[in-house]
């Protein structure tokens with residue numbers, strides 16, 4: 250493609266400025282993308298820790314309110330309990346408002362805790378990446394995608410190539426196109 254030096258210079262300047270503009274958005278999508286791609290290996294929004302402890306005073310003869318009071322004190326739960334019930338004569342389960350779970354063995358006094366903690370930064374980035382924000386964010390994401398298209402296409406014409414077939418940009422571009430096509434064809 251024959252472009253004047255002036256046009257190439259303008260494309261290069263616009264490419265540079267739009268590239269700077271896209272840095273923040275690229276970080277959002279890249280970090281969140283890595284996290285969400287590995288959703289089968291870990292939960293990108295929450296950290297779930299499991300522990301076991303012994304709570305003195307637990308007994309099958311205690312009432313539900315007494316069991317909850319003991320667990321509330323031992324785990325410093327204050328107003329975090331959503332509900333609780335007897336799963337069996339010897340087991341009591343407590344569900345917390347944040348999604349955590351306590352399973353108390355009333356005979357042994359052993360309590361298994363599955364505590365859920367937010368990953369605030371990743372949770373926020375995933376919220377944007379997966380477009381849960383909707384509305385204005387959809388437009389922002391669409392504009393970002395259009396700018397990425399411009400960046401990809403303008404990169405092809407910014408520098409002159411004397412021999413297109415020997416040009417590094419040709420082979421890198423073909424590789425970048427063929428990789429996703431290969432995965433689509435082999436699925």
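Residue numbers (my numbering): 250 to 436.
A virtual CB, placed ideally from N, CA and C, is assigned to each residue, including glycine.
It should be emphasised that the depicted structure is a prediction, and the values quoted were computed from it without experimental measurement.
According to DSSP, residue 353 shares a beta bridge with 341 and 360.
DSSP, reduced to helix, strand and coil, places residue 365 within a strand of the structure shown. DSSP places residue 403 in the helix class (H, G or I) of the three-state scheme.
Under DSSP, residue 298 takes part in a beta bridge, and its partners are 364. Distance from the CA atom of residue 328 to the CA atom of residue 351, rounded to whole angstroms, is 15 Å. DSSP, reduced to helix, strand and coil, places residue 308 outside both helices and strands of the structure shown, so it counts as coil. Burial state of residue 432 is exposed, judged by a 10 Å Cβ sphere holding fewer than 16 other Cβ atoms. Here residue 389 is exposed. Its C-beta has fewer than 16 other C-beta atoms within 10 Å. Boundaries of the alpha helix (DSSP H) harbouring residue 260: 254-286, taken from the DSSP string.
With a beta-carbon spacing of about 5 Å, residue 344 and residue 332 fall inside the 8 Å limit used to define contacts. In the DSSP assignment, residue 333 is bridged to 343.
Looking at the DSSP output, residue 303 bridges to 359. If you check the CB distance, residue 405 and residue 418 come in under 8 Å. For residue 293, no alpha helix (DSSP H) segment is defined, and its DSSP state is neither H nor E. In the three-state reduction of the DSSP assignment, residue 348 falls in the coil class, being assigned neither a helical nor a strand state.
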